[in-house]
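From first to last, the protein sequence lines are chains R and B.
The first sequence begins at -9 in our numbering and counts up by one.
The second sequence begins at 3 in our numbering and counts up by one.
Please read the structure below before turning to the comments.
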Amino acid sequence: GPKVLQIPSHQIIDMGQMVTLNCDPVSNHLYFYWYKQILGQQMEFLVNFYNGKVMEKSKLFKDQFSVERPDGSYFTLKIQPTALEDSAVYFCASSLEGWSAETLYFGSGTRLTVL
Amino acid sequence: SQLAEENLWALSVHEGESVTVNCSYKTSITALQWYRQKSGEGPAQLILIRSNEREKRNGRLRATLDTSSQSSSLSITATRCEDTAVYFCATDVGNYAQGLTFGLGTRVSVFP
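What follows is the structure, encoded as structure tokens:
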């Protein structure tokens, strides 16, 4: 089936540093998402991105977070500066359309550890 | 409180047996989706069942939806060791841009 690739699979950084998580969504998909999953907790929506804009974001999407997809390249999540509570697995997802009953295709996640 | 949640943390079965995971949700929905997440992987959709459907099948999987009780079940027949995973139900929140709301998941372990 369609694949979403996430790079890197693991990232360890010191608190206060900047980190960029990369996602290569399914090629013809138009809607892109980031989700955050802390160990043992449910996966939570961060942000939805379409046509170069943030469509919706949750309260977890702090001011230190930003997303972009310049010129159809990677869809990125940047955190600057990072905090200890940002340690989690971040999943990227994409969908063809943005309807609420749409199938999301997820990557394998990037495990971020902030020391 | 969660908008979607599975009713049990974990289930264990032996290969060949059937297993059922249950889920309840709190809001009106357009559809409910079941996802499976294996260790080290992202979630993968198994079944999408719309609010006007009562049952949906996909091979060894069968999902039911009861909108009056706001609950759903996912049954797996003839389980295999590779069915070992965390199973999530996920619902939309009526806002197309927010994607899905996931439950905590039920860990299903299938033993030989």
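Built from N, CA and C at the ideal position, the CB exists for glycine as well.
Beta-carbon proximity list for residue i, same chain, < 7 Å, skipping 5 on both sides
| i | result |
| --- | --- |
| R:G6 | P71, T72 |
| R:Q54 | I69, Q70, P71 |
| R:E58 | T66 |
| R:P60 | none |
Contact list for residue i against chain R, beta-carbon separation under 7 Å
| i | result |
| --- | --- |
| B:G61 | Those do not exist, as B:G61 stays about 14 Å from chain R at its closest Cβ, beyond 7 Å. |
| B:E2 | Any answer about residue 2 of chain B is impossible in this case: the structure gives chain B only from 3 up to 114. |
| B:F113 | Under the 7 Å cutoff, chain R gives no residues; its nearest Cβ is about 23 Å from B:F113. |
| B:L102 | L94 |
Residue i in three-state terms, based on DSSP
| i | result |
| --- | --- |
| R:V(-6) | coil |
| R:E165 | With chain R covering only -9 through 105, there is no way to say anything about residue 165 of chain R. |
| B:E84 | helix |
| R:E75 | helix |
| R:K43 | strand |
| R:K68 | strand |
| R:D14 | strand |
| B:R109 | strand |
| B:I51 | strand |
| R:L50 | coil |
| B:L63 | strand |
| R:I2 | strand |
| R:H19 | coil |
| B:T103 | strand |
| B:E43 | coil |
| B:R56 | coil |
| R:L29 | coil |
| R:E34 | strand |
Whole-angstrom distance between residue j and residue i, CA atom to CA atom
| i | j | result |
| --- | --- | --- |
| R:G99 | B:F113 | 27 Å |
| R:Y21 | R:Y40 | 5 Å |
| B:I31 | B:T66 | 14 Å |
| B:V13 | R:G42 | Reading the sequence as shown, one finds Leu at residue 13 of chain B and not Val. Roughly 43 Å between the two C-alpha positions. |
| B:P45 | B:G107 | 11 Å |
| B:T86 | R:S(-1) | 22 Å |
| R:N38 | R:L86 | 13 Å |
| B:A92 | R:E34 | 11 Å |
| R:Q1 | B:A80 | 39 Å |
| B:C83 | B:E17 | 6 Å |
| R:K52 | B:E55 | 38 Å |
| R:L74 | R:V9 | 13 Å |
Chain-ordered chain B contacts of residue i [CB-CB under 8 Å]
| i | result |
| --- | --- |
| R:F81 | G44, P45 |
Chain-order list of residues whose beta-carbon lies under 6 Å from that of residue i (same chain, five-residue window excluded)
| i | result |
| --- | --- |
| R:N12 | I(-3), Y64, T66 |
| R:L105 | D4 |
| B:I51 | L34, K58, A65, L67 |
Neighbour list for residue i in chain R, Cβ cutoff strictly below 8 Å
| i | result |
| --- | --- |
| B:L106 | Q31, Q32 |
Chain-ordered residues of the region -7 to 12 of chain R with a beta carbon less than 9 Å from chain B: V(-6), Q(-4), S(-1)
Where the region 45 to 77 of chain B meets chain R: residues whose CB sits under 8 Å from a CB there: P45, A46, Q47, L50, R52
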